[in-house]
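Peer 1:
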Amino acid sequence: MESMIITPNSKDPEVEILSKELKKRGLNVRYFIPSTIKVGVGFQANFYKQFETLEPKAALVRGFGASATQKIFFRLDILRAIEEYNIKLINSRESLEIASDKFLTSIFLENYKIPTPKTMVCEEPQKALEAFEELGGDCVLKPLYGSKGIGITRLNDRAFAENVIYSLGQLNHVFYLQEFVEHSKGEN
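Under the UniProt record's numbering, the first residue of the sequence shown carries the number 1, and numbering increases by one thereafter.
(1) Compare the Cα-Cα distances from Glu133 to each of Thr119, Glu110, Ser100 and report the closest residue.
(2) Please report the residue range of the alpha helix (DSSP H) in which Asn46 lies.
(3) Round the Cβ separation of Gly63 and Leu96 to the nearest angstrom and send it over; I've been treating them as touching at under 8 Å.
(4) Does the beta-carbon of Phe73 have 16 or more other beta-carbons within 10 angstroms, so that it is buried, or is it exposed?
(5) For the alpha helix (DSSP H) containing Gln178, name the first residue and the last one.
(6) With 16 other CB atoms within 10 Å as the buried threshold, where does Ile82 fall?
(7) State the Cα-Cα distance for the pair Glu84 and Ala99, rounded to the nearest angstrom.
(8) So is Phe74 in contact with chain D if we call contact Cβ pairs under 7 Å?
(9) Across which residues does DSSP place Phe32 in a beta bridge pair?
(10) Can you tell me whether Arg80 is buried or exposed? The criterion is at least 16 other CB atoms within 10 Å of its CB, across all chains shown.
(11) Taking 6 Å as the limit between beta carbons, can you name the residues of its chain near Glu124, skipping five residues before and five after?
(12) Return helix, strand or coil for Ala58, following the three-state DSSP convention.
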């Protein structure tokens with residue numbers, strides 16, 4: 001039997017643990033790395049053939065990696081195409097779409113009444129500076145997409161906030177600002 005892990009990095013420690021566990025259960029493990037794929041539509045050797053040997057007809061998704069917006073959308077499209085071939089994704093495309101997008105995650109958390117810091121999202125630098133003030137002049141600026149704390153900046157000085165926000169504005173950044181919450185020191 002053959003299993004598949006969809007991952008941006010087959011050497012990731014979590015992926016290695018999953019691979020080891022699948023192999024213990026007698027499954028061969030194949031890796032599908034979205035950034036390396038070339039998709040052909042309308043050719044005899046179509047995209048689906050990569051998934052024909054999977055048994056069960058499922059793939060475990062461990063993420064699709066950080067990248068530019070176009071690439072993220074293409075990788076989501078790849079996951080959608082896999083679903084179209086009746087391959088069950090463990091960690092569905094929809095769940096990854098929500099989990100990788102901090103704005104959508106915040107909306108879901110609020111909708112399900114799960115406490116979350118006050119958050120403001122906007123595209124214009126001036127609106128981001130207004131949000132900085134509305135959040136008390138002490139907030140955290142996060143990339144809209146991404147994980148593991150990469151790219152997070154605490155803004156608690158107006159001049160520094162202006163420099164960061166206007167610089168990122170030149171790069172067409174979407175501003176995701178959250179009120180700063182002091183560390184709980186292990187207490188919830």
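All residues carry an ideal CB built from backbone N, CA and C; glycine is no exception.
Peer 2: According to the data block:
(1) Checked all of Thr119, Glu110, Ser100; the closest Cα to Glu133 is Thr119.
(2) Run containing Asn46: none; DSSP gives neither H nor E here.
(3) With a Cβ gap of about 7 Å, Gly63 and Leu96 count as contacting.
(4) The residue in question, Phe73, is exposed, as its Cβ has fewer than 16 Cβ neighbours within 10 Å.
(5) Here Gln178 belongs to no alpha helix (DSSP H); instead the beta strand (DSSP E) covers 175-179.
(6) Note on Ile82: 16 or more other CB atoms within 10 angstroms of its CB, so buried under the neighbour-count rule.
(7) Straight-line Cα distance between these residues: approximately 21 Å.
(8) Protein chain content of the structure displayed is limited to a single chain, and chain D is not contained in it.
(9) Note: Phe32 is bridge-paired with Ile6 in the DSSP secondary-structure output.
(10) Answer is exposed; the Cβ neighbour count stays below 16.
(11) If the five residues before and after Glu124 are omitted, its C-beta is found closer than 6 Å to no C-beta atom of its own chain.
(12) Of the three classes helix, strand and coil, the one that applies to Ala58 here is strand, per DSSP.
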